[in-house]
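Here's the structure, in structure tokens; my notes come after.
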Amino acid sequence: MDIPGHQHGLITARNAGMVACTSCGLVVPPEVQACPRCHARMQSRDEGSIQRVLAWLIAGLIVYVPANMYPMLRTTQMFKSQDSTIVGGVVDLIHHHAYAIAAIVFVASVVIPVGKFIVIAYLAVLLSRPHDKDPHRLHTLHAAVEFIGRWSMIDVFVVAILVALVQFDVLASIKPGLAAACFALSVVFTMLSAQAFDPRLIWDITDEGTPQ
Amino acid sequence: MIYDPTCIACPQCDVVHRFSATEMVTRTRCVRCGYQLTLGKSEAITRVVGLALTSTILMGIVLFAPFLYLNAGAFDSSASVVDVVLGFASGIMMPLALAVLVFIIVVPVARSMLLIYALAPLLAGYRNATGAQSALRWAFLLKPWAMAEIFMVGVAVALVKLAGMATVNTGAAFWAFVLLVVVNTLQDTFMCRNTLWTSLATNTA
Chain A
106 MDIPGHQHGL ITARNAGMVA CTSCGLVVPP EVQACPRCHA RMQSRDEGSI QRVLAWLIAG
166 LIVYVPANMY PMLRTTQMFK SQDSTIVGGV VDLIHHHAYA IAAIVFVASV VIPVGKFIVI
226 AYLAVLLSRP HDKDPHRLHT LHAAVEFIGR WSMIDVFVVA ILVALVQFDV LASIKPGLAA
286 ACFALSVVFT MLSAQAFDPR LIWDITDEGT PQ
Chain B
581 MIYDPTCIAC PQCDVVHRFS ATEMVTRTRC VRCGYQLTLG KSEAITRVVG LALTSTILMG
641 IVLFAPFLYL NAGAFDSSAS VVDVVLGFAS GIMMPLALAV LVFIIVVPVA RSMLLIYALA
701 PLLAGYRNAT GAQSALRWAF LLKPWAMAEI FMVGVAVALV KLAGMATVNT GAAFWAFVLL
761 VVVNTLQDTF MCRNTLWTSL ATNTA
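Listed in order, the protein sequences are those of chains A and B. In terms of my numbering, the first sequence has 171 at position 66, counting the first letter as 1, and numbering is strictly consecutive. In terms of my numbering, the second sequence has 649 at position 69, counting the first letter as 1, and numbering is strictly consecutive.
Quick look at the structure:
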């Protein structure tokens, strides 16, 4: 049974003069430092949140550049080496007529990372100043980014499996390229960026009488 | 110092909810943002511990059995999950090998261990283990970093890439890993934060 929602009579923990634990949901007076139920550190709002979001985002952007320029894989077949980048790998799959798989890799390695950069930057810039956007929409955006970000790791795992399996000396071998490490770092940094976000900041705008 | 456990704030939007005893054991969502506050799993602890044990045993099979066999003409190779991880383990790729190891093996195993450590004493009727709260909190925090299901999608993509080049057969570890993903997913549907935290807090043994 889901409790039906209505917007009247909502009160946030902060407006009630309390602090809520983001780990277990317990509501305690503001002078309590650590949650008595789950021992997490208590904070009404994470003030440094946006700064950490931006820091991780910039780190993620920086390593995303070499991730696209350097080869992800170096395939050696019959003494001939061939390098393939992230986008090159997608093109290869299309040549193999594996359109569905090509689409998965393209979405995981290009669409999701780029979309994540844009959405996180948008949210971070928007929330650092007054705005009139619908918090429900922003909340959906943030939830989507947090949920989907980790799926970008697919390409890194593909490289790992290919490298482990295809080791036939001169006949064929596959070696990882620098881009694999850069891309993995980029995914980790943007995941940390999305996690650094305090989602309660999204809703503060609708809470009337909220200081600052 | 025990606070009212029927009073829960949404971790996403800070709205305070007060639930009756009957509502606490059902599925509840935040009235403002829709976040799932309780999952309505009263038997959560038994299931979570059982599934965590299952997933630890499966991981044992995954680690040491062959994962995939590859056959190309006169050449045969097989790779276990450990081989997959060690594939990167040379020179500058070492950090990447460690990352893959952490995401597909260490974090899933660590989560199972933490859950067993924190919750098994409740089942057995003992008092909470030292640091049970931190263990359970970390089990929740590590969730996004356990990437077994993503690894399986990676395997599917790799199989397609290899299809033209060689014949690929699946080993015992492959199917154990598929099961592991199912077990972990099932486990997460039982991880009702409120049920687990309330049980730990009210353990009087």
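For glycine and all other residues, C-beta sits at the position ideal for the given N, C-alpha and C.
- Close partners of residue 242/A in chain B (Cβ separation under 7 Å) are lacking, with about 11 Å as the shortest Cβ gap.
- With a cut-off of 8 Å on Cβ pairs, the stretch 217-226 of chain A is in contact with the stretch 287-298 of chain A, counting three or more such pairs.
- Cβ neighbours of residue 206/A within its own chain (closer than 8 Å, five residues either side excluded): 198.
- By the Cβ neighbour-count rule, residue 183/A is exposed, with fewer than 16 other Cβ atoms within 10 Å of its own.
- Closest in alpha carbon position to residue 678/B, among 305/A, 308/A, 286/A, is 286/A.
- Closer than 7 Å at the C-beta level to chain B, one finds these residues of the stretch 117-131 of chain A: 117, 118, 119, 121, 125, 127, 128, 129, 130, 131.
- With a contact defined as Cβ atoms closer than 8 Å, residue 650/B and residue 661/B miss out at about 15 Å.
- In summary, the residues of the stretch 677-693 of chain B whose CB is separated from some CB of chain A by less than 9 Å are 677, 679, 680, 683, 684, in the order they occur in the chain.
- Counting only runs that start and end inside the stretch 205-286 of chain A, the beta strand (DSSP E) elements of at least 3 residues fall at 277-281.
- Excluding sequence positions up to five before and after residue 164/A, its CB lies within less than 7 Å of the CB of 294, all in the same chain and listed in chain order.
- Residue pairing of residue 649/B in beta bridges, as defined by DSSP: 658/B, 749/B.
- Contact with chain A is absent for residue 628/B, since none of that chain's Cβ atoms lies less than 8 Å from the residue's Cβ.
- Taking C-alpha positions only, residue 603/B is separated from residue 592/B by approximately 20 Å.
- With distances taken between CA atoms, residue 132/A lies nearest to 583/B out of 705/B, 583/B, 771/B.
- Contact of residue 720/B with chain A by beta-carbon distance below 8 Å involves 128.
- Assigned with DSSP and collapsed to three states, residue 768/B falls in helix.
- The C-beta distance from residue 680/B to residue 665/B rounds to 5 Å, short enough to fall under 8 Å.
- Not flagged as an interface residue toward chain A: residue 770/B, since no C-beta distance is shorter than 8 Å.
- Residue 754/B does not reach chain A, its nearest Cβ partner there being about 11 Å away, counting only Cβ pairs nearer than 9 Å.
- Close to chain B, meaning a Cβ-Cβ distance shorter than 8 Å, are the following residues of the stretch 285-306 of chain A: 285, 286, 289, 293, 296, 300, 304, 305.
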